[in-house]
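**Q**
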Amino acid sequence: MSRTKKFLILDLILVLAVAGTYFGFKFLKNDEPDAYEVADNIKSGAEDLKEIESAAEEELKSKELDEWYLILVNPDNAMPEGMEVETASTESGHEVDARVKEPLEEMLAACREAGYSPQIISAFRTRETQQYLYDTTANKNDTAKPGHSEHECGLAIDIIDSSSAGWADPLIDEQEELPAQIWLMENCQDYGFILRYPKDKEDITQIIYEPWHYRYVGKEHATKIMESGVCLEEYIEELKGE
Ligand SMILES: [Zn+2]
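Letter by letter, the sequence shown follows residues 1008 to 1249 of our numbering.
(1) Are there 16 or more other CB atoms within 10 angstroms of the CB of S1156, so buried, or fewer, so exposed?
(2) Can you look up P1110 in the DSSP assignment and give me helix, strand or coil?
(3) Since I believe C1238 is in contact with M1114 (beta carbons under 8 angstroms), could you give me their beta-carbon distance rounded to a whole number of angstroms?
(4) For the alpha helix (DSSP H) that L1239 lies in, which residues bound it at each end?
(5) Kindly provide the ranges of any alpha helix (DSSP H) runs that are 4 or more residues long and lie completely inside the segment 1090-1152, ordered along the chain.
(6) For D1207, which three-state DSSP category applies?
(7) Buried or exposed: T1097, going by 16 or more other Cβ atoms within 10 Å of its Cβ?
(8) Grouping DSSP H, G and I as helix and E and B as strand, with all else coil, what is H1220?
(9) In the DSSP assignment, find the unbroken beta strand (DSSP E) run with D1047 in it and report its ends.
(10) DSSP three-state call for A1187: helix, strand or coil?
(11) Can you tell me whether Y1043 is buried or exposed, with buried defined as 16 or more other CB within 10 angstroms of its CB?
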C-alpha cells in the first residue's frame, strides 16, 4: 500500500468518526418533547378540565335546587311565607302554575291520543281551600296542613281515569289499575311530571301512596326520578350531595 493510499484511508476513517459523533449527538440531543412528555401534558390538561367540569356541575346542581320547579314542600318543609303563584286556567277550569299549563295539557292530549280518558279533579288550591280541607277532613293524616301542600304551589295535579269519576271515592289504590292512570305513570316524565307519592316511599314522603297525584319538576329531573325510582325527597338529598 502506498503512503498516499494509507493517508486516504485514515482520512476516510476520521471523516466517518466525526460524522458519526455529530449525528449521534444530534439524535441524543433531540429538543422535541418525547411521547411520554406529550402524554403527561395531555393527562394533566384533561385532569384540569375534569376539575373545572365537576366544579361547574356542582354549581349547576346548587343553582338547580333554587329553581321553582324543584321546590320541596312536604310535612317538614312549608312553602316560603308569602309565596305568590301566578296561575292559569286549564281545560277543566282548574288553575295551575301558569308555567305548568302547557306541559300538562300536552300530557293529557297525548294520553287521549293513545286512546285513554284522563280527567283533572284537583290542581291549584288557595291557602283558604287547603285550610278548609284540613279542618273538615276526618283523617288529618291524609290531608296536608295548610302551607305544606304542593297543591298550594300550583305544581301538583290530581288526575283520575274518567271511568272512576262516578266512584264514591276515586282517590283509592285501585286507580293504579285504570288504563289512563297506567299510561300516565309510564309517560308522565316525558312531560316533566312525576308520580309524587310512590307506593314504597311512604316512610320518606310521609304521604300515603297516591296513584293520581302528579307533580311538575321539569323533563330532565322527572326522567331521572322516574327512571331511578327515587322519590323527590331522596332526589333532592342526592342533588345536595348528602
Ligand atoms: Zn294531590
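Glycine included, each C-beta is placed from N, C-alpha and C at the ideal position.
**A** Taking the coordinates as given:
(1) The residue given as residue 1156 occupies position 149 in the sequence shown. With 16 or more other Cβ atoms inside 10 Å of its own Cβ, S1156 counts as buried.
(2) For the purposes of this step, residue 1110 is taken as residue 103 along the sequence shown, with counting starting at 1. Of the three classes helix, strand and coil, the one that applies to P1110 here is helix, per DSSP.
(3) Looking up residue 1114 in the sequence shown gives position 107. Looking up residue 1238 in the sequence shown gives position 231. M1114 to C1238, Cβ: 20 angstroms. No contact.
(4) Translated into positions along the sequence shown, residue 1239 becomes position 232. Its alpha helix (DSSP H) spans residues L1239 to K1247.
(5) You should have 1108-1120 and 1134-1143.
(6) Here residue 1207 corresponds to residue number 200 of the sequence shown, with the count starting at 1. The answer is helix: DSSP assigns D1207 an H, G or I state.
(7) Your numbering for residue 1097 matches position 90 in the sequence shown. When all chains shown are included, T1097 counts as buried.
(8) As a first step, residue 1220 is located in the sequence shown; it is residue number 213 there, counting from the start. If DSSP states are grouped into helix, strand and coil, H1220 belongs with the strands.
(9) Locating residue 1047 in the sequence shown gives position 40, where the first residue counts as 1. From DSSP, D1047 is part of no beta strand (DSSP E) but of the alpha helix (DSSP H) over A1042 to L1072.
(10) Within the sequence shown, numbered from 1, the residue matching residue 1187 stands at position 180. A1187 falls in the helix class under three-state DSSP.
(11) As a position in the sequence shown, residue 1043 is number 36, starting the count at 1. Looking at its Cβ environment, which holds fewer than 16 other Cβ atoms inside 10 Å, Y1043 is exposed.
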